[in-house]
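Reviewing the structure listed below.
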Amino acid sequence: MGYRNLVLTDGEIYHIYNRGVDHRNIVEDDHDANRFEQCLDVFNDTKLTESLYALTFEPNRLRGKKLVDIIAYCLNPNHFHLVLKQKRKNGISKFMHRLTGGYAWYFNSKYKRTGSLLQGRFKAKHISDNTYLLHASAYVNLNDKVHQLSGRAAKLVRNSWDEYTTNSAGICDKEMVLSQFENSSKYKIFALDNLPFMLSKREGYKELGELE
């Protein structure tokens, strides 16, 4: 179900995604990819009123409450996927407005371009049950593998895979998923075991038709 037909409800979980306008890349180098990842973290804050640039002068700023729980994410060169849990009223919409607006401002300034960077509003699908959540986390964490990215494109990918599989620190609230597995290695096995199915069904994913 697309964004315009879906009411985003507090406490519910959603698969959020969007792509570059005209299929263009939204990251061109490592700095862009790192900037997007930084935006995911910094803009998830009820108290935020400044730009990301302004916040570089306030390294010890006290943060407010989170708008969303980021459960999983993947940034590919021309599109992104997020699994988000809304924590407060309009949290996802506010977070996405800040994320996409702030990142587009950075990107357009850097590359001296104007106009939209992303293809309209973000798309959203309600993750309605636990099985869907587990598979959505695997799909998002392995999305670059689903798209079979390699070479330079693969180097621009940023995702939460390592957070899930190596217990590295990051921005995700992953316990909702990982608590259902004996350890992170068991989750890794689960996700990789599902990759062949995701590859075989790639053409059937409605969102991929919208993203490619």
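First residue of the sequence shown? That's 1044 in the numbering used here, and the numbers climb one at a time after it.
From the three backbone atoms N, C-alpha and C, an ideal C-beta is built for every residue, glycine too.
Check	Outcome
Within 8 Å, strictly: CB atoms of isoleucine 1135 and histidine 1058	no
Rounded separation between isoleucine 1214 and glycine 1054 - CA only	18 Å
Residue range of the unbroken beta strand (DSSP E) whose run includes aspartate 1073	Careful: aspartate 1073 lies outside any beta strand (DSSP E), inside the alpha helix (DSSP H) at 1073 to 1085.
Beta carbon of leucine 1185 nearer than 8 Å to that of alanine 1234	yes
Where isoleucine 1114 falls: helix, strand or coil (DSSP)	strand
Beta strand (DSSP E) runs contained entirely in the segment 1130 to 1182, provided each spans 3 or more residues	1166 to 1170
Arginine 1201 (DSSP reduced to helix, strand or coil)	strand
Terminal residues of the alpha helix (DSSP H) in which asparagine 1237 lies	1227 to 1243
contact_flag[the segment 1227 to 1246, the segment 1109 to 1121] where n(CB pairs < 8 Å) is 3 or more	no
Exposed unless 16 or more other CB atoms sit within 10 angstroms - verdict on isoleucine 1056	buried
Cβ shell of leucine 1238 (< 7 Å), same chain only, five flanking positions each side left out	Leu1185, Lys1188
Residue interval of the beta strand (DSSP E) (run including asparagine 1186)	That residue, asparagine 1186, is in no beta strand (DSSP E); its alpha helix (DSSP H) goes 1186 to 1189.
Counterpart residues of valine 1126 in DSSP-defined beta bridges	His1058, Ala1115
Burial state of isoleucine 1232 (16 or more Cβ within 10 Å)	exposed
Arginine 1195: CB within 7 Å of a non-hydrogen atom of the ligand ZN	Absence of the ligand ZN is noted for the structure shown, with no ligands found whatsoever.
For glycine 1063, the three-state DSSP class (helix, strand or coil)	strand
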